[in-house]
Amino acid sequence: MSEPAIEVLRAGALTTVQDLGRPSWAHLGVPRSGALDPGALRLANRLVGNPESAAGLEITLTGCDLRPTRATTVAVVGAEVDVRVGTRPGDTGRPLAVPGGTVLRIGPARRGLRSWLAVAGGITVTPVLGSRATDTLSGLGPAPLRDGDLLPVGAPAGPPAPVDVTVPVVPPAELHLAVRPGPRHDWFTPAALDRLLGTAYEVSPLSNRVGARLTGAPLPRAVAGELPSEGIVLGAVQVPADGQPLIFLADHPTTGGYPVIAVVDDVTPLAQARPGTTVTFHGSER
Amino acid sequence: MRIRPVGAHALLLDFAVTMGAPDAAPPDLGDSAATQRPGEPRHPARHTPSRPQDGDVATTVEAWRAELWRRRDQGDLVATEIVPAAATILLDGVPDPPATAARIAGWTPAPPTATAAAGTIEVPVTYDGEDLPAVAAHWRVDVPAVVRRLRETEFRVAFCGFAPGFGYLTGLPTELAVPRLATPRPRVPAGSVALAGPYAGIYPTASPGGWLLVGRTGLTLFDVRADPPARLTPGTRVRLVPA
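Here it is as structure tokens:
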């Protein structure tokens, strides 16, 4: 009898294997990667009885269609999407039993952008540097899913969580993100921080897992010239030459040469931010 | 050294600011970092672009990198990432940044001579890069002199970045810095040995790139099954010997 697996019938726009990423390798140029909203993946894993660190799928905008070879339990957490198990509608945010050979359809996101699917036993593709995450920047980890892929699934670690329903978190229409200035706010004019904190920005369609690009009031530099490459953190608000800020997400490079004016405390809301979403910033209490 | 807070969980040790600058701003440490409020820009630092080619800065970064890695191994320092770069070291995943900054300010790194334990690696290089004549022109020498210089230089991995396993190698003097190509090549083959600015580097995988190509090596530089996965880790001494 073959090992349990999930057949990818329709991969959708961008579906990747994600777990909690591969931190601790940045000094070798290896990005952290991992689910853009780790809390959502952890919840999905708990719902199906997995350790929180198990690998699942990160599904973007257009959804995907899957067919497990054996009966299993899945959970979908994240964007507002329609889920169907065969012909029956299923809910997000709770464990769903999927009979072997039955098609599981994750529909397009109605609100928000990304969903995380956990399967009992986890996706067990070969780990790379301790993680099964697809890193879209460096190419480490498995390639993004393609139609016809067969994903190995592990043995269930425990029973699904005994819950009827979880409280869905509706993706907000506008994001208000807390930031802390620095480390290179002194490369900008004082007006730049005022603009960042005082005006609204919009999420650009060029955003991806590497970073959320914003458009809005440009942030003027006080210091010309290049910044020697330096280490980058998750949530760093980097400002390239055009003055339009970019917020680094999970697949961010480990070093960069544009000054970072501020750092966002919690980037996870950006995982659901569609192009056009309004973003404002406010100060963060230490 | 100036210690800059980075978000809620990180610190940036900046070695460029105070290098040879008696009028440099005082370091932001402990409580001064803790009391900084968004919307209140700190007093601007001296607006002198730092110079990564400055040998003193690279040496200081290396000494601190070794010290911080050692302190973390000993349990003196908690940080998920310690990332050296051209003139800075990032500490990410630090539990209490202001307290950690205050403690770091009291440390003195051991001199780099005592920290050369990272070893020396010989990289066999075939010196046939298509940009050798351009490098020779920048250096105002002929191609054989460029090759001789690269062969004889003891490089050191200053830091990694750009791609997994890509090491920025220092060792060439400032005056031999070369510009990048105005238009990067769409594809530079894996193993290409190249120069840009004051650095040498070896492309671990094929990628677009704007560095000047001087040669190639068959050595595998990044292997996820190896420990460590990168052959060129920060602090490693490197010789680009003839293949």
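Just so you know, the sequences run in chain order A and B. Just so we're aligned, residue 1 is where the first sequence starts under my numbering, counting upward by one. Just so we're aligned, residue 287 is where the second sequence starts under my numbering, counting upward by one. By construction, the Cβ of each residue, glycine as well, lies at the ideal position given by its N, Cα and C atoms. Every value quoted in this text rests on a predicted model; they were computed, and no experiment measured them.
Q: Leaving aside the five residues before and after residue 73 of chain A along the sequence, list all residues of the same chain whose C-beta is less than 8 angstroms from its C-beta, in chain order.
A: 48, 49, 95, 96, 97, 98, 119, 120, 156, 160
Q: Closer than 9 angstroms, Cβ to Cβ, to anything on chain B: give me those residues from the stretch 156-179 of chain A, in chain order.
A: 178, 179
Q | Amino acids of chain A, ordered along the chain, whose beta-carbon sits closer than 8 angstroms to that of residue 519 of chain B | A | 27, 28
Q. Do you know whose CA, among A/151, A/44, A/193, lies nearest residue 222 of chain A's CA?
A. A/193
**Q.** Same chain only: Cβ atoms within 7 angstroms of residue 313 of chain B, ignoring 5 sequence neighbours per side
**A.** Here residue 313 of chain B scores only 33 on pLDDT, less than 50, and its place in the model should not be relied on; the value that follows carries that caveat. Leaving aside the five residues that flank residue 313 of chain B on each side, the residues in its chain whose CB is nearer than 7 angstroms to its CB run, in chain order, 287, 288, 289, 391.
Q: Would you tell me roughly how many angstroms separate the C-alpha atoms of residue 419 of chain B and residue 343 of chain B, rounded to the nearest one?
A: 30 angstroms
Q. Can you name, in chain order, every residue of its own chain whose Cβ lies under 7 angstroms from the Cβ of residue 209 of chain A, other than the five neighbours on each side?
A. Leaving aside the five residues that flank residue 209 of chain A on each side, the residues in its chain whose CB is nearer than 7 angstroms to its CB run, in chain order, 36, 136, 249, 250, 251.
**Q.** 6 angstroms Cβ shell around residue 16 of chain A - same chain, five flanking residues per side excluded
**A.** So the list reads 58, 134, 144, once near-sequence residues are dropped.
Q | Segments assigned beta strand (DSSP E), at least 3 residues, entirely inside the stretch 428-508 of chain B | A | 441-446, 453-456, 471-474, 478-482, 485-488, 493-495, 498-502
Q: Would you kindly work out how many angstroms separate the C-alpha atoms of residue 20 of chain A and residue 358 of chain B, rounded to a whole number?
A: 23 angstroms
Q: Write down the C-beta distance between residue 150 of chain A and residue 11 of chain A rounded to the nearest angstrom, noting that I regard them as a contact closer than 8 angstroms.
A: Residue 150 of chain A to residue 11 of chain A, Cβ: 12 angstroms. No contact.
Q: State the Cα-Cα distance for the pair residue 146 of chain A and residue 66 of chain A, rounded to the nearest angstrom.
A: 11 angstroms
Q. Hey, does residue 128 of chain A have any beta-carbon neighbour from chain B nearer than 8 angstroms?
A. yes
Q. Thinking C-beta only, is residue 203 of chain A closer than 8 angstroms to residue 196 of chain A?
A. no
Q.
Helix, strand or coil for residue 39 of chain A? Go by DSSP, reduced to three states.
A. Looking at residue 39 of chain A - three-state DSSP - the assignment turns out to be helix.
Q) CA-CA distance, residue 436 of chain B and residue 114 of chain A? A) 49 angstroms
**Q.** CB of residue 239 of chain A within 8 angstroms of CB of residue 219 of chain A, strictly
**A.** yes
Q: Helix, strand or coil for residue 310 of chain B, going by three-state DSSP, please let me know.
A: Below a pLDDT of 50, predicted positions are generally treated as unreliable, and residue 310 of chain B, at 33, falls in that range; no measurement from the model is reported.
Q. To which residues does DSSP link residue 116 of chain A through a beta bridge?
A. A/58, A/77
Q: Give the residues from the stretch 211-245 of chain A that approach chain B closer than 9 angstroms (Cβ to any Cβ), ordered along the chain.
A: 222, 223, 224, 225, 226, 227, 228, 229, 230, 231, 232, 233, 234, 235, 236
Q.
With DSSP as the reference, identify every bridge partner of residue 347 of chain B, one or two as the case may be.
A. Per DSSP, none; premise fails for residue 347 of chain B.
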